[in-house]
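Asks:
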Amino acid sequence: MHKLKRKELFINEFKGKKFIITKEFLEFALTHNINEATTRRDLKELENEGVITLSFGGITVNLNDESELSTDNKLEINKVKKELIAKVANDLLNDLDIIFCGAGSTVEIFVKHITKKIRTLVTNSLAVFEAARNNSHVIDVVLIGGLFREKSKVFFSRTAADYFNECKLDKVFFSCFYFDNTGEVFDDFAPEVDLISSALKNTHESILLADSSKYKSVGLNRMTNINKITKLVTNKDIDKEFLNKFNNVIVD
Numbered sequence: 308m309h310k311l312k313r314k315e316l317f318i319n320e321f322k323g324k325k326f327i328i329t330k331e332f333l334e335f336a337l338t339h340n341i342n343e344a345t346t347r348r349d350l351k352e353l354e355n356e357g358v359i360t361l362s363f364g365g366i367t368v369n370l371n372d373e374s375e376l377s378t379d380n381k382l383e384i385n386k387v388k389k390e391l392i393a394k395v396a397n398d399l400l401n402d403l404d405i406i407f408c409g410a411g412s413t414v415e416i417f418v419k420h421i422t423k424k425i426r427t428l429v430t431n432s433l434a435v436f437e438a439a440r441n442n443s444h445v446i447d448v449v450l451i452g453g454l455f456r457e458k459s460k461v462f463f464s465r466t467a468a469d470y471f472n473e474c475k476l477d478k479v480f481f482s483c484f485y486f487d488n489t490g491e492v493f494d495d496f497a498p499e500v501d502l503i504s505s506a507l508k509n510t511h512e513s514i515l516l517a518d519s520s521k522y523k524s525v526g527l528n529r530m531t532n533i534n535k536i537t538k539l540v541t542n543k544d545i546d547k548e549f550l551n552k553f554n555n556v557i558v559d
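In my numbering, the protein residues as written are 308 to 559.
The structure is reproduced here in structure tokens:
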């Protein structure tokens, strides 16, 4: 099993737990044909990334389930960083663009800051929809419906991704839960990944808006790689080694 898949498996097992006995976790890994040496090596990496803390005989889980925070709470986390990203992203717009904006507090703040004339803004986020509806620079707003996820205020359905088969976008603006030093981009909500992936296939430009706190964490569902998108907009305090790896990163 590839290391990224193992990490997905382990993090899924961590979710909702505060402490796990190491012996029990090693037994869990063995049921997935992962030997003890590999498991211990992966656990050490996850500790270095801040996901867990290892102690004698036990694993303390440090995960904060941001996906279950309300959108109002998310807006207050790293708000200054998100405001700076929003201002930079606004400069990437052209008048009369047709854009898709995914869910997330950074994207919501960006939509509030739009000062270019947008022909059509498409989203599956009620919060983003409301922000666009209240911005006089956005002419038309399209909300992709489906089942409603209350805390994140997001709609999703099995057929939502099909919308982009009939819609050609100028730009896609999306966020993520995490991105790592290899450029892999993750989200914790699989239906959102499917929707974003479809949008990315049907756009001229793709722009990831992610503040620097999202760097070097671990996610569950891979979305894309930074090498495959047009730009990443993040903060200037991002790791310099990371910046040297990619030539499509804009900092505030």
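Just so it is clear, CB atoms sit at the ideal spot from N, CA and C, and this is done for glycine as well.
Beta-carbon within less than 6 Å of residue 442's beta-carbon, same chain only, minus the 5 sequence neighbours each way: which residues are those?
Replies: Taken in chain order, the residues that qualify are 421.
Asks: Distance, Cα to Cα, residue 436 vs residue 322?
Replies: Cα to Cα, residue 436 sits roughly 30 Å from residue 322.
Asks: Can you check DSSP and say which residues form a bridge with residue 365?
Replies: Beta-bridge pairing links residue 365 to 328, 362.
Asks: From 452, 406, 505, 351, pick the residue whose C-alpha is nearest to that of residue 468; which is it?
Replies: Out of 452, 406, 505, 351, 505 has the C-alpha closest to the C-alpha of residue 468.
Asks: Taking the CB atoms as reference points, tell me whether residue 444 and residue 425 lie closer together than 8 Å.
Replies: A contact, by the Cβ cut-off of 8 Å.
Asks: If you count every other CB in all the chains shown that lies within 10 Å of the CB of residue 473, and 16 or more means buried, which is it?
Replies: Answer is exposed; the Cβ neighbour count stays below 16.
Asks: State the beta-bridge partners of residue 402 as determined by DSSP.
Replies: Answer is none; residue 402 lacks a bridge partner.
Asks: Mind checking residue 539: buried by the 16 CB within 10 Å criterion, or exposed?
Replies: So residue 539 counts as buried.
Asks: Taking the alpha-carbon of residue 396 as reference, which of 514, 534, 531, 555 has the nearest alpha-carbon?
Replies: The residue with the shortest Cα to Cα distance from residue 396 is 514.
Asks: If you count every other CB in all the chains shown that lies within 10 Å of the CB of residue 531, and 16 or more means buried, which is it?
Replies: Looking at its Cβ environment, which holds 16 or more other Cβ atoms inside 10 Å, residue 531 is buried.
Asks: Tell me which same chain residues have a C-beta within less than 7 Å of the C-beta of residue 346, skipping the five on either side of it?
Replies: Taken in chain order, the residues that qualify are 333, 336.
Asks: Taking the alpha carbon of residue 326 as the reference point, which residue from 362, 351, 386, 314 has its own alpha carbon closest?
Replies: Among 362, 351, 386, 314, the Cα nearest to that of residue 326 belongs to 362.
Asks: If you measure from the beta carbon of residue 474 to each beta carbon in chain D, is any gap under 8 Å?
Replies: No chain D is part of this structure, which consists of one protein chain only.
Asks: Just the Cα atoms here: how many angstroms apart are residue 408 and residue 476?
Replies: Taking the straight line from one Cα to the other gives about 11 Å.
Asks: Alpha carbon to alpha carbon, how far is residue 344 from residue 308? Give it in angstroms, no decimals.
Replies: C-alpha separation (whole angstroms): 14 Å.
Asks: Measuring only the C-alpha atoms, how far is residue 386 from residue 510?
Replies: If you take the alpha carbons of residue 386 and residue 510, they lie about 28 Å apart.
Asks: Identify every residue that forms a DSSP beta bridge with residue 514.
Replies: According to DSSP, which records beta bridges pairwise, residue 514 is partnered with 480, 538.
Asks: Would residue 451 and residue 427 be called neighbours here (beta carbons separated by less than 8 Å)?
Replies: Taking 8 Å as the Cβ cut-off, residue 451 and residue 427 do not qualify as a contacting pair.
Asks: By Cβ distance below 8 Å, which residues in the same chain neighbour residue 391 in space, the five residues on each side in sequence not counted?
Replies: Excluding residues within five positions, the ones whose Cβ falls inside 8 Å are 542, 559.
Asks: Have a look at residue 375 and residue 460 and give me their C-alpha separation to the nearest angstrom.
Replies: Low confidence applies to residue 375: its pLDDT is 48, below 50, so where it sits in the model is not reliable enough to give any reading.
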